[in-house]
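Down below is the structure, laid out as C-alpha cells.
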Amino acid sequence: MQITHLGHACLLVEAAGQRILLDPGVFSSVEDVTDLTAVVVTHQHPDHLDPERTGPLLAANPDARVLMEAQTARSVAESGYADRVETLAAGGAVELGSTGSSGRVTLTGVGERHADIHPYVPRIGNTGVVVRADGEPVLYHPGDALDGDPGPVDLLGVPVSAPWGKVAEAIAFVRRIAPAQGVVPIHDGLLNDRGRGMYLQHIGDFGADGGVPVHDLRGAGATTF
C-alpha cells in the first residue's frame with residue numbers, strides 16, 4: 001500500500017492496483033490527480049468535499065466510482081455528476097477491481113454521525129471508510145468522528161485538530177483503536193507548523209503505553225507501507 005497526503009483530510013491510497021482518493025476538500029491539492037478507481041467522501045463539509053473542484057476532478061477521472069455518505073450524496077443531487085454518486089453506508093462494503101483477480105480492494109463504511117461541534121451547529125452524517133486488500137495493511141479513515149468501530153486495523157488516520165476535537169479525544173481514539181502499525185495524521189490544515197508538531201508529539205507519546213508510531217506524510221509524497 002502507498003499513501004500520499006494531499007493536504008488536510010485528503011489521502012490518496014494505492015493498493016492492489018487501485019487508486020482511491022479520500023476526502024478531497026478545499027484545503028487539499030488534487031488538481032493533477034488522475035487514473036482514480038474511486039473517490040470517497042465521508043461527509044459534506046467543504047474541507048472534505050470541495051463544491052467547486054469536485055466536478056473538474058471527476059471529469060478528469062471519468063472511470064472513477066464516486067462513493068459518498070448518504071446525506072452528502074443528497075446534497076449533490078443537483079450537481080452535474082449526481083448520476084455517478086453511490087451511497088457508502090455504515091457496514092456496507094464496496095468491491096473495487098475485477099472479480100476473481102488479485103487486484104481487489106474492499107471499502108467498508110464505518111459510522112453514521114459527525115462529531116458534535118457545538119450546540120448551535122446541527123450534527124450531520126459522517127461515514128468513515130476502511131480500506132482492505134489481501135496482503136496489504138488495513139487503513140481506517142474516520143472522516144470527522146472518533147466513535148466508529150472499524151475492527152482491527154494496521155493504520156489509523158487520526159484527525160489532529162478540528163473545531164469539534166481536542167487532543168485528549170484524539171489520544172483516546174488512538175488508544176481505543178490500537179492500530180498495529182501506527183497513525184497517519186490527517187485533518188491538520190488549521191494548524192501552523194509549530195502547533196502541528198506539538199499535537200503530533202502528544203499523539204505519538206501518549207497514543208499507547210510506550211508511544212505509538214506517527215507516520216507524518218505531509219510533503220513526503222507516496223509512502224509505502
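full-length UniProt numbering numbers the first residue of the sequence shown as 1 and each following residue consecutively. Quick reminder that beta carbons are idealized off the backbone N, C-alpha and C, glycines included.
Which listed residue (the options) has its alpha carbon closest to that of residue i
| i | options | result |
| --- | --- | --- |
| tyrosine 81 | Pro152, Leu96, Thr54 and Ala93 | Thr54 |
| aspartate 147 | Leu21, Trp164 and Gly135 | Trp164 |
| alanine 9 | Pro150, Asp193, Gly210 and Gly128 | Gly128 |
| glycine 211 | Asp188, Asn192 and Val174 | Val174 |
| glutamate 52 | Ala38, Ser29 and Glu69 | Ser29 |
| glycine 91 | Asp83, Asn126, Arg84 and Ala77 | Asn126 |
| methionine 68 | Leu107, Ile203 and Thr34 | Leu107 |
| histidine 5 | Glu136, His45, Ala170 and Val158 | Val158 |
| alanine 1 | Gly143, Asp154 and Arg84 | Here the sequence assigns methionine to residue 1, which means alanine is not the residue at that position. Among Gly143, Asp154 and Arg84, the Cα nearest to that of methionine 1 is on Asp154. |
| histidine 48 | Gly17, His141, Asp83 and Pro119 | His141 |
| histidine 202 | Pro152, Arg84, Pro185 and Leu217 | Pro185 |
| leucine 11 | Ala133, Leu156, Gln181 and Ala168 | Leu156 |
| aspartate 134 | Ile3, Glu112 and Gly103 | Gly103 |
First through last residue of the beta strand (DSSP E) which encompasses residue i
| i | result |
| --- | --- |
| arginine 65 | 65 to 68 |
| arginine 132 | 128 to 132 |
| threonine 54 | Segment 54 to 59 is the alpha helix (DSSP H) holding threonine 54; no beta strand (DSSP E) there. |
| alanine 93 | 93 to 96 |
| alanine 162 | Unbroken run through alanine 162: none, as it is neither H nor E. |
Alpha-carbon to alpha-carbon, residue j and residue i
| i | j | result |
| --- | --- | --- |
| phenylalanine 225 | valine 105 | 16 Å |
| aspartate 50 | glycine 25 | 4 Å |
| proline 179 | glycine 97 | 26 Å |
| glycine 7 | alanine 38 | 18 Å |
| alanine 115 | lysine 166 | 12 Å |
| isoleucine 20 | histidine 187 | 18 Å |
| residue 227 | asparagine 192 | No answer is possible for residue 227: it lies beyond the span of the chain, which begins at 1 and ends at 225. |
| valine 71 | valine 130 | Contrary to the premise, residue 71 reads as glutamine rather than valine in this sequence. Approximately 19 Å, taken between the alpha carbons. |
| glutamate 136 | alanine 15 | 7 Å |
| alanine 208 | glutamate 31 | 37 Å |
| serine 79 | valine 41 | 15 Å |
| valine 33 | proline 56 | 11 Å |
| glutamate 95 | alanine 73 | 19 Å |
| alanine 220 | tyrosine 120 | 38 Å |
| histidine 215 | alanine 77 | 37 Å |
Start and end residues, alpha helix (DSSP H) containing residue i
| i | result |
| --- | --- |
| glycine 197 | 193 to 206 |
| glycine 182 | No alpha helix (DSSP H) holds glycine 182; the beta strand (DSSP E) holding it covers 182 to 186. |
| glutamate 31 | Neither: glutamate 31 is in no alpha helix (DSSP H) and is coded neither H nor E. |
| valine 167 | 167 to 177 |
Nearest-angstrom beta carbon gap, residue j and residue i [assumed within contact, 8 Å]
| i | j | result |
| --- | --- | --- |
| leucine 139 | glycine 109 | With 8 Å as the limit, leucine 139 and glycine 109 do not qualify as a contact, their Cβ atoms being about 14 Å apart. |
| isoleucine 124 | glutamine 44 | 6 Å |
| aspartate 144 | alanine 162 | 7 Å |
Practice task
Please confirm if the segment 184 to 201 is in contact with the segment 53 to 67, defined as three or more CB-CB distances below 8 Å between the two stretches.
Solution key: Contact fails: fewer than three Cβ-Cβ distances are below 8 Å.
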